[in-house]
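Peer 1: Sending over a structure as structure tokens; questions will come in a sec.
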Amino acid sequence: MHRIDSSTATPDNRFTEGDPTIPVPATTVTDDWLNAVQEELIAILAAANVTPDKANNAQVLAAIQRLIADKTGIAKVGVNGLVNPDGVTIKIDATGKISVVQSDKYDLGEFYYFRHPTLKPGFAPLQGGLISGVYQGKNITESLLSG
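This is the structure in structure tokens:
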């Protein structure tokens, strides 16, 4: 991001209206600054595959919303992610706890979480380990989202 750096900007690279009684001139908005701001905004649109439209003043918001909606989550019912819970045998509560419901037709076995060698931005590193429990007709639950 480019901060305003014209000769009339404040020492901390901000804008001023100026004051003719002192005299302090108003900040001159430069083409460099305007082009930098424009390209920052265009980069948001491009990342979301939104075509710039002069008549639409809500494109940046729409692009950000699309980028957020398109991100793969850790686990969400009906949405592909690291875990794809079906809402029946694997459930997630509001606190992020994942519950695995044992059934006679499925062998629960062991579940492992792991630390990926090249973490993607936004993912939290885990040291890795085993999530286990004894099935006694109850849900086996472990929070994958806790520290």
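Everything in the sequence shown is counted per this note's numbering, starting at 2 for the first residue and increasing by one.
No residue lacks a Cβ here, since even glycine has one placed at the ideal position from N, Cα and C.
Going by CA-CA distance only, name the one from Lys-55, Ala-70, Asn-36 that's closest to Ile-5.
Peer 2: Nearest to Ile-5 by C-alpha distance, out of Lys-55, Ala-70, Asn-36, is Asn-36.
Peer 1: Rounded to whole angstroms, what is the Cα-Cα separation between Val-25 and Leu-62?
Peer 2: 36 Å
Peer 1: Give me the Cα-Cα distance between Ile-45 and Ala-64, rounded to the nearest whole angstrom.
Peer 2: 6 Å
Peer 1: Skipping 5 residues on each side, what residues in its chain have a beta carbon closer than 8 Å to that of Gln-60?
Peer 2: Closer than 8 Å at the Cβ level, and outside the excluded window around Gln-60, lie Leu-46, Val-51, Pro-53, Asp-54.
Peer 1: From the DSSP output, read off the bridge partner residues of Asp-33.
Peer 2: None; Asp-33 has no bridge partner.
Peer 1: Tell me which residues share the same chain as Asp-13 and place their Cβ nearer than 6 Å to its Cβ, disregarding the 5 neighbours each side in the sequence.
Peer 2: none
Peer 1: Could you tell me which of Val-38, Arg-67, Phe-16 sits nearest to Ala-48, measuring between CA atoms?
Peer 2: Arg-67
Peer 1: For Ile-45, does the three-state DSSP call read helix, strand or coil?
Peer 2: helix
Peer 1: In its own chain, which residues sit with a C-beta less than 8 Å from the C-beta of Thr-9, not counting the 5 before and 5 after it?
Peer 2: Thr-17, Gly-19, Pro-26, Ala-27, Thr-28, Thr-29
Peer 1: Does the separation of the CB atoms of Thr-31 and Ser-7 fall below 9 Å?
Peer 2: yes
Peer 1: Ordered along the chain, which non-local residues of its own chain (more than five positions away) have a Cβ less than 6 Å from that of Leu-42?
Peer 2: Same-chain partners within the cutoff: Val-61.
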